[in-house]
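A.B. asks: The structure under discussion is supplied below as structure tokens; questions concerning it will follow.
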Amino acid sequence: MGEQKQKNLTKDEFIFGKKNYKFMLIGLGIIALGFILMSGGGSDDPNVFNPDIFSFRRIRLAPTLILIGFGVQIYAILLNPNKK
């Protein structure tokens with residue numbers, strides 16, 4: 001009898017809804033884009049300095065995108081899927 005009640009009470013529900021997963025994928029895409037923008041800019045020859053590593057894209061834009069992506073992830077986790 002106890003097992004029947006427990007089986008009836010536990011439904012196969014996901015913690016997050018469809019909207020949560022959409023925002024999580026968007027946030028993950030923004031984070032990946034930030035890391036892609038941050039990569040590169042190195043030099044093949046260690047004796048040659050490449051000033052491109054200090055560009056606006058690598059110093060300001062990419063870290064900002066990563067932080068925005070983490071903010072979207074936090075929003076996706078805190079979003080109430082049952083609210084209509």
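Using full-length UniProt numbering, the letters of the sequence shown correspond one by one to residues 1 to 84. Glycine included, every Cβ here is placed at the ideal spot set by N, Cα and C. Since this is a predicted model, take the numbers as computed values, not measurements.
If you follow the alpha helix (DSSP H) that residue 50 is part of, which residue opens it and which one closes it?
C.D. replies: Per DSSP, residue 50 is not a residue of any alpha helix (DSSP H), being assigned neither H nor E.
A.B. asks: Taking only the alpha-carbon atoms, compute the straight-line gap between residue 40 and residue 24 and give it to the nearest angstrom.
C.D. replies: 26 Å
A.B. asks: Provide the residue span of the alpha helix (DSSP H) that contains residue 79, from first to last.
C.D. replies: Run containing residue 79: none; DSSP gives neither H nor E here.
A.B. asks: Could you check the C-alpha separation between residue 42 and residue 76 for me, to the nearest Å?
C.D. replies: 35 Å
A.B. asks: Provide the residue span of the alpha helix (DSSP H) that contains residue 25, from first to last.
C.D. replies: 18–38
A.B. asks: Just to confirm, are residue 28 and residue 69 a CB contact at a threshold of 9 Å?
C.D. replies: Yes.
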